[in-house]
Amino acid sequence: MKCYLTACVAGFIAFSEDLKIIDYELFPEDEIPGRLMESQRGSLLPEEKKILERLSREYDEVVVEAPESPGPREFQGVSFSAPSRAGAYLREHLDTVLREITGRDPSKLIHASLLSLTLEKVRESLSESDKFIIQAISALDELDEEIGKLIDRLREWYSLHFPELDTVKSHEQYVQLIAEYGDRDSILENFRMDVDGSIGSDVSREDLHVFRGLAENIINLQKLRDETEAYIDLKMEKMAPNLRALAGSNVGARLIAHAGGLRELAMLPSSTIQILGAEKALFRHLKSRANPPKHGVIFQHPSIRSSPWWIRGKVARLLAGKIALAVRKDVFSQEFDESLVQEFNERFEMIKKQHPMPPVKRKGRQGRSRARRG
0 MKCYLTACVA GFIAFSEDLK IIDYELFPED EIPGRLMESQ RGSLLPEEKK
50 ILERLSREYD EVVVEAPESP GPREFQGVSF SAPSRAGAYL REHLDTVLRE
100 ITGRDPSKLI HASLLSLTLE KVRESLSESD KFIIQAISAL DELDEEIGKL
150 IDRLREWYSL HFPELDTVKS HEQYVQLIAE YGDRDSILEN FRMDVDGSIG
200 SDVSREDLHV FRGLAENIIN LQKLRDETEA YIDLKMEKMA PNLRALAGSN
250 VGARLIAHAG GLRELAMLPS STIQILGAEK ALFRHLKSRA NPPKHGVIFQ
300 HPSIRSSPWW IRGKVARLLA GKIALAVRKD VFSQEFDESL VQEFNERFEM
350 IKKQHPMPPV KRKGRQGRSR ARRG
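Structure representation (structure tokens):
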């Protein structure tokens with residue numbers, strides 16, 4: 000004999016082959032939202048275990064309406080079907096079935112349970128660490144942009160007073176000199192430069208005060224930027240250690256942000272991970288037949304950025320494939336796997352050895368036909 004087991008907002012209900020209720024196991028009413036959340040994560044609930052124990056003793060086959068999972072599979076005669084006949088019947092006649100089981104109007108129970116479940120999902124979503132990582136990496140990018148703009152403004156502005164200081168290429172050193180000394184005479188006294196004088200204009204005390212204030216604020220923003228980067232690294236180490244080890248904290252965080260979350264990233268194929276962040280280039284390819292993008296965010300990884308152009312596509316495919324494995328380990332097994340980085344490095348070195356020179360351009364069709372005639 001065969002029976003069907005399906006879940007609903009109130010618990011688990013079993014049906015015979017002719018869709019008659021044969022057994023049920025309801026959730027405690029005050030624990031319904033938590034039970035539903037656990038069920039959506041694929042956990043084997045106590046109520047499900049109890050009813051499966053009873054059904055597997057009485058029936059040859061128990062058809063569970065769910066994707067195949069290891070929990071119910073431990074019981075003899077269990078198979079999976081999603082959706083099932085019983086599930087479709089239960090969803091169509093939910094009020095009638097629950098009224099028959101509980102002996103009362105189920106509408107208030109259904110409404111309260113679904114409302115509590117929604118609130119619980121919102122609460123869980125807001126507490127997930129990947130949302131903090133997404134906000135932090137966005138803040139880091141905005142800080143980098145603002146710091147870059149302010150440094151450009153300071154260089155252009157201060158060059159009216161001391162244009163020769165532009166020979167200092169390091170932005171950090173340039174800003175530090177202005178913040179510490181202010182006017183050009185003090186800088187020349189304390190910082191060795193191959194400059195006899197300056198063609199810049201003189202400035203007032205008020206001008207110098209603004210210069211130094213802007214430089215000090217840039218330094219403070221740089222400190223905030225470093226603190227934000229350290230915060231991202233700490234979060235990534237706790238939440239996605241495999242992704243962090245393979246891609247680095249910043250690249251990993253940007254991939255999470257583009258995917259919308261760590262779990263969402265784990266669901267993506269490696270081909271999509273490879274071009275995350277290159278949506279505009281992909282759209283141009285689809286619209287105007289331009290060359291398709293070979294990489295997106297992952298171009299920032301040193302292995303791709305520092306590679307010669309002719310192997311970047313191969314390295315990007317390799318890295319994206321390993322990232323897909325790393326993220327799935329972080330999400331599903333939550334175990335750190337050192338071999339991922341080692342395997343990537345070995346394969347990366349092999350690609351470099353196999354392709355030391357750029358490919359030879361092939362002759363066009365006309366050139367080949369002429370060569371054959373010759």
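So that you can map any letter, position 266 of the sequence shown is 265 in numbering that gives the first Met the number 0, and since no number is skipped, the others follow by simple counting.
Note that the Cβ used here is the ideal one computed from N, Cα and C, for glycine as well.
Being a predicted model, the structure only gives us computed values, none of them experimental.
In whole angstroms, what separates the C-alpha of residue i from that of residue j?
i       : j       : result
Pro-307 : Val-330 : 33 Å
Glu-342 : Ser-15  : 52 Å
Ala-256 : Ala-277 : 13 Å
Tyr-180 : Thr-117 : 58 Å
Ile-274 : Pro-292 : 7 Å
Glu-163 : Asp-195 : 10 Å
Phe-74  : Glu-348 : 48 Å
His-300 : Tyr-157 : 35 Å
Arg-34  : Leu-44  : 7 Å
Ile-12  : Pro-32  : 18 Å
Gly-260 : Ser-270 : 18 Å
Thr-101 : Thr-95  : 10 Å
Asp-17  : Leu-4   : 13 Å
Gln-333 : Ala-325 : 10 Å
Leu-125 : Glu-119 : Here Leu-125 scores only 48 on pLDDT, less than 50, and its place in the model should not be relied on; the value that follows carries that caveat. Spanning the two alpha carbons is a distance of roughly 10 Å.
Asp-143 : Ile-350 : 33 Å
Gly-320 : Asn-241 : 13 Å
Gly-312 : Met-356 : 15 Å
Phe-282 : Leu-114 : 40 Å
Ala-289 : Leu-264 : 27 Å
Leu-305 : Asn-344 : The identity of residue 305 in the sequence shown is Ser, whereas the question assumes Leu. Looking at the two C-alpha atoms, the distance is approximately 14 Å.
Ala-87  : Asp-104 : 21 Å
Met-192 : Glu-141 : 34 Å
Ser-169 : Ala-280 : 32 Å
Pro-27  : Gln-221 : 54 Å
His-208 : Asn-216 : 12 Å
Glu-205 : Val-250 : 43 Å
Lys-360 : Ser-83  : 57 Å
Met-36  : Ser-42  : 9 Å
Ser-78  : Arg-56  : 15 Å
Arg-40  : Met-266 : 15 Å
Phe-91  : Glu-99  : Here the sequence assigns Glu to residue 91, which means Phe is not the residue at that position. One C-alpha to the other measures close to 14 Å.
Write down the C-beta distance between residue i and residue j rounded to the nearest angstrom, noting that I regard them as a contact closer than 8 Å.
i       : j       : result
Ala-252 : Ile-146 : Incorrect: roughly 18 Å between the Cβ atoms, too far for contact.
Ala-81  : Pro-66  : 6 Å
Lys-234 : Phe-131 : 6 Å
Pro-268 : Ala-323 : 7 Å
Lys-1   : Tyr-58  : 6 Å
Cys-7   : Leu-108 : Incorrect: roughly 11 Å between the Cβ atoms, too far for contact.
Asp-165 : Arg-183 : Incorrect: roughly 12 Å between the Cβ atoms, too far for contact.
Glu-60  : Gly-76  : 5 Å
Asp-29  : Ile-50  : At roughly 20 Å, the Cβ-Cβ gap does not stay under 8 Å, so Asp-29 and Ile-50 are not in contact.
Just to confirm my understanding: we take residue i, look at its own chain, exclude 5 residues before and 5 after, and list those with CB closer than 6 Å. What are they?
i       : result
Ala-9   : Leu-25 and Leu-97
His-354 : Ile-310
Ile-186 : Leu-176 and Tyr-180
Phe-161 : Arg-183, Ser-197 and Gly-199
Asp-129 : Ile-255, Gly-260 and Leu-261
Glu-47  : Phe-11
Val-202 : His-160
Ile-272 : Ala-319, Ile-322 and Ala-323
His-284 : Pro-291
Val-167 : Tyr-173
Below 8 Å CB to CB, which residues in the same chain sit around residue i once its five sequence neighbours on both sides are set aside?
i       : result
Ala-138 : Thr-227
Glu-337 : Ala-244
Ile-218 : Val-174, Gln-175 and Ala-178
Asp-232 : Arg-243 and Ser-248
Glu-52  : Phe-74
Ser-106 : Asp-94
Under 7 Å Cβ to Cβ from residue i, same chain only, skipping five residues before and after it: list those, please.
i       : result
Leu-38  : Just to set this straight, residue 38 is Ser in the shown sequence, not Leu. Hits under 7 Å: Ala-6 and Leu-44.
Leu-89  : Thr-5, Cys-7, Ile-12 and Val-96
Gly-247 : His-300
Val-340 : Ala-244 and Leu-245
Phe-190 : Leu-176
Ile-316 : The displayed chain sequence assigns Arg, not Ile, to residue 316. These residues qualify, in order along the chain: Gln-273.
Leu-54  : Cys-2, Leu-4, Ala-13, Asp-22 and Val-61
Ile-133 : Ile-255 and Ala-256
Ile-303 : His-294, Ile-297, Arg-311, Val-314, Ala-315 and Leu-318
Glu-188 : none
Arg-346 : Leu-317
Lys-328 : Asn-241, Glu-334 and Asp-336
Could you tell me whether the region 163-182 touches the region 134-154, where touching means 3 or more Cβ pairs closer than 8 Å?
yes
For the region 289-301 and the region 217-226, state whether three or more C-beta atom pairs, one from each stretch, are separated by less than 8 Å.
no
Unbroken alpha helix (DSSP H) runs of length 4 or more, entirely within the region 315-368: which are they?
338-353
Where in the region 75-134 do unbroken runs of the beta strand (DSSP E), each at least 3 residues long, occur, reported from the N-terminal end onward?
77-79
contact_flag[the region 232-248, the region 200-217] where n(CB pairs < 8 Å) is 3 or more:
no
At which residue ranges does the region 241-307 contain complete alpha helix (DSSP H) runs of 4 or more residues, listed in the order of the chain?
248-258, 261-265, 269-274, 278-287 and 301-304
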